[in-house]
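Its first residue numbered 825, the sequence shown is counted upward by one per residue in my numbering. Glycine residues also receive a C-beta, built at the ideal position from the N, C-alpha and C atoms. Comments concern the structure below.
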Amino acid sequence: MKRSRFTEEQIIGILREQEAGVTTAEVCRRHGVSSATFYKWKAKFGGLDVSEARRLKTLEDENARLKRMLADAMLDNVALKDLLEKSGDARRLARGGRSSAGRLRDERKAGKRVRDLAMFNCALDAK
């Protein structure tokens, strides 16, 4: 994410200028920001002290860090589940069993055989 040219203290100072009676257009022109940026700042920092703005920033940073940690943990969880599934299939094969993919293939073949047999019986009944 792009870092702001202005610190929280500067943003709050700019907002206080406008609250003191200077027009929004004049404040924006003086500091070189768009009115959209000014109103975004006002929505985010309006009514906050400098210490509260710092606290908000640290909480946002911590929240972003925790979200990244959660995403990493979820990816690890998926990878471990895949590994466990593969190792389970390997154990079954070593014991002489079939893997889940092999069982599925056999079930499809069995279903095709039943369908073929039913069609053959229908053909015999038609004669």
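1. Check whether the stretch 857-874 touches the stretch 827-847, taking contact to mean three or more Cβ pairs, one atom from each stretch, closer than 8 angstroms.
2. Give the secondary structure of Thr831 by DSSP, where H, G and I count as helix, E and B as strand, and everything else as coil.
3. Taking the CB atoms as reference points, tell me whether Ala877 and Glu843 lie closer together than 7 angstroms.
4. Just checking my contact of Thr847 with Phe862 at CB under 8 angstroms: how many whole Å lie between their CB atoms?
5. Can you tell me which of the three DSSP states Asp873 falls into?
6. Can you tell me which of the three DSSP states Val851 falls into?
To lay it out plainly:
1. yes
2. Translated into the one-based positions of the sequence shown, residue 831 becomes position 7. Correct three-state label for Thr831: coil.
3. On the sequence shown, residue 877 is found 53 positions in, with the first residue counted as 1. On the sequence shown, residue 843 is found 19 positions in, with the first residue counted as 1. For Ala877 and Glu843, no; Cβs fall outside 7 angstroms.
4. By one-based count along the sequence shown, residue 847 stands at place 23. By one-based count along the sequence shown, residue 862 stands at place 38. Taking C-beta atoms under 8 angstroms as the contact rule, Thr847 and Phe862 fail to qualify, at a distance of about 11 angstroms.
5. Start at 1 with the first residue of the sequence shown, and residue 873 comes out as number 49. Of the three classes helix, strand and coil, the one that applies to Asp873 here is coil, per DSSP.
6. As a position in the sequence shown, residue 851 is number 27, starting the count at 1. Helix at Val851.
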